[in-house]
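To start, the structure under review is shown below, and the notes come after it.
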Amino acid sequence: MELNGEKNGVQQNGHAKKNGLSMEPCRVERDYDVIVVGAGITGLWTAHQLANKGFHVLITEQYPRCHSRGGSAGSSRAVELSFPNVDGIPMVMDAIRMYEQLQESTHVDLIRSTKLLVMTEQPWNNTPLPGLLKALNETYGLGVQKLDYEQMKAKFPGMSFTNPDTCAILDDKSAKEMIASSVIFALWKSLEQNPKVDVIDRCPVTKIISVPSTEDSCEEKRSSGGSYVLVECRDEARSTFSASAVVLATGGWTPEISILKRSEGRKSEVSVEMPKVEPRLLAQMYFKKKPGGPPIPDGTGFIEWTWGSDIPMRGWGRPSTNTHPDFDYMAGIGEYLSPQSVSNIECMDKFEELIAKARDYVRMRLPFLDDTPHLIEKAMDYLTVSDEKSGRRLAGAQNIYLAIEGTSFSMAPVYAKLLSELLEKHMGNPLDDQLVKKMASLSHNGDVTESTGRTGFSSKFHW
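Each residue of the sequence shown is one higher than the one before, counting from 258 in the working numbering.
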């Protein structure tokens, strides 16, 4: 498969091409049902779902396909039913099925069974773990185990536990590990074969204009009436595309795009208020085992939670066999840095401080590892603060949909499925509040006014 050539006549160099016909600059190149801006994990899954529903979709991406900045914040992800949100279990099961279906249809190895320790140093009854254990075992019949302090020390002698309140759920029945970069490759492979999807990469979107009615001009003539959206790209041809709706799946890059609404009669364009998107920089590190040191947990990863704190995920780790077999274990902490914008994400002066804190955590929790990381992957997380609910259209621009208040990498297919249903049922119509609430429940913390989503920004450094 050629990921950087042509696809269905759309050339991947910033110039649109369809059925052998080159498009003229400074014109509306082509009309689509939906334009998805951003080819990260949410954007790709959304395009996949929309195309399967029969929509003609254009994906625009500012970087080359399968690049290291988008779609894969690091090489690996955990997918677990034991995430401490009981109501979300059915949707996690749906996500796993969808990833397995993608694996089967594309023949790309992207998801594997694993074991996961969901742990905390907080007293068992003061956490969501009792309700989660009951649901997993009684409702879903998984038979996962509760471990107390002594059991954890006996079962995982290579890890260090010093707080007698330490407890955990060991999920050795449902947990999965995704090979994140393979997921992106598989989605591109699937989209390559779909005639309903066009792609333009190396084409940064600079402006999106919501137009209330069809204008009879050579630049903006559409084949269908009604309101529509113009998407302008900063490429050599200054390409402009139109669609009935636009999905913003741009994550931390959202502030780089101007969102405007055109008044009737084209008299003026006014800015549309956007949610505040704050990029955050995290680190995912790869380590080697100490020679002659304690044993590595046998195929088991972990996530450590501290509920009620500003950073609820304290740390995490898992064997790196599936992603970087030259190393033994990958680990990270929940703490992050807050650059002012994605433009200075590469030159964060305090990044070394973040690495130092992560190494302190590794020394404390994972003494079987040499605490010097051999490979570091940067990941760009982002925080979205808004009065708008997840997946809702922008106030004043009812044909622009937000996919920037999304969810984790692992839940992206379910979020995209719900978003595609939203567009299918309600493009130009009132929204289904129940569907919107269901989408909002997929955010990391379940709070639709302050949610996080992870976009890809993977930059590798050798020490």
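Glycine is no exception: its CB is placed at the ideal position from the N, C-alpha and C atoms. Every value quoted in this text rests on a predicted model; they were computed, and no experiment measured them.
Which one or two residues does DSSP pair with A500 in a beta bridge? Y289 and V486
To the nearest angstrom, how far is it from the Cα of R575 to the Cα of K607? 26 angstroms
Of all the beta strand (DSSP E) runs that stay within the bounds of the stretch 398-481, which reach a length of 3 or more residues? 402-404, 424-428, 433-436, 454-457 and 462-468
Pick from S520, S501, V456 and K518: whose alpha carbon is nearest that of C490? V456
Helix, strand or coil: how does DSSP classify A506 here? coil
Applying the 10 Å Cβ sphere with the 16-neighbour rule, what's the burial state of K635? buried
Pick out whichever of P624, I657 and A673 has its Cα sitting closest to the Cα of G550. P624
Status (buried if at least 16 other CB within 10 Å, exposed otherwise) for N383: exposed
Are the Cβ atoms of L404 and A425 separated by less than 7 angstroms? yes
Using the C-alpha atoms, what's the distance from K446 back to V486? 28 angstroms
Alpha-carbon spacing of S499 relative to H581, whole angstroms: 42 angstroms
I need the DSSP call for E610, collapsed to helix, strand or coil. helix
Whose C-alpha, out of M409, M637, E395 and N656, is nearest the C-alpha of W510? M637
Between which two residues does the alpha helix (DSSP H) harbouring E357 extend? I346 to T363
Opening and closing residue of the alpha helix (DSSP H) in which G550 lies: No alpha helix (DSSP H) contains G550, which DSSP labels as neither H nor E.
Three Cβ pairs or more, each shorter than 8 angstroms: is that satisfied between the stretch 370-385 and the stretch 411-431? yes
Is the stretch 527-535 touching the stretch 504-519, taking contact as three or more C-beta pairs under 8 angstroms? yes
Report the CB separation of L505 from V314 in whole angstroms; it is logged as a contact under 8 angstroms. 14 angstroms between Cβ atoms; not a contact.
Just mark G297 as buried or exposed, buried being the case when its beta carbon has 16 or more other beta carbons within 10 Å. buried
Through-space distance from N656 to S467, alpha-carbon basis: 7 angstroms
Assuming D585 contacts I553 (C-beta within less than 8 angstroms), just tell me the rounded distance between them. 6 angstroms
So L448 and V440 are in contact, right, with Cβ under 8 angstroms, and what is the actual spacing, rounded? The pair is not a contact, with the Cβ atoms about 13 angstroms apart (cut-off 8 angstroms).
Is the beta carbon of V488 closer than 7 angstroms to that of I292? yes
Nearest-angstrom Cα distance between G415 and A335? 21 angstroms
With which residues is Q541 paired in a DSSP beta bridge? E634
For a test of the three-state rule: what should DSSP assign to M570, helix, strand or coil? strand
Over the uninterrupted alpha helix (DSSP H) stretch that includes G388, give me the two end residues. L386 to K391
Between which two residues does the beta strand (DSSP E) harbouring L517 extend? S515 to R519
Start and end residues, alpha helix (DSSP H) containing A308: I298 to N309
Among K674, G558, A613 and Q306, which has the Cα closest to the Cα of E434? G558
Evaluate the contact criterion for the stretch 339-359 versus the stretch 664-682: three or more CB pairs, one atom per stretch, below 8 angstroms. yes
Mapping DSSP to helix, strand and coil, what is Q527? The amino acid at residue 527 is misidentified as Gln; the sequence shows Val. V527: strand per DSSP, three-state reduction.
Span of the beta strand (DSSP E) holding R491? Premise fails: R491 is in no beta strand (DSSP E) and is neither H nor E.
Nearest-angstrom Cα separation, counted from N342 out to R622: 25 angstroms
Would A540 pass as a contact of A613 if the rule is Cβ separation under 7 angstroms? no
Residue from L611, L626 and D627 with nearest C-alpha to S595: L611
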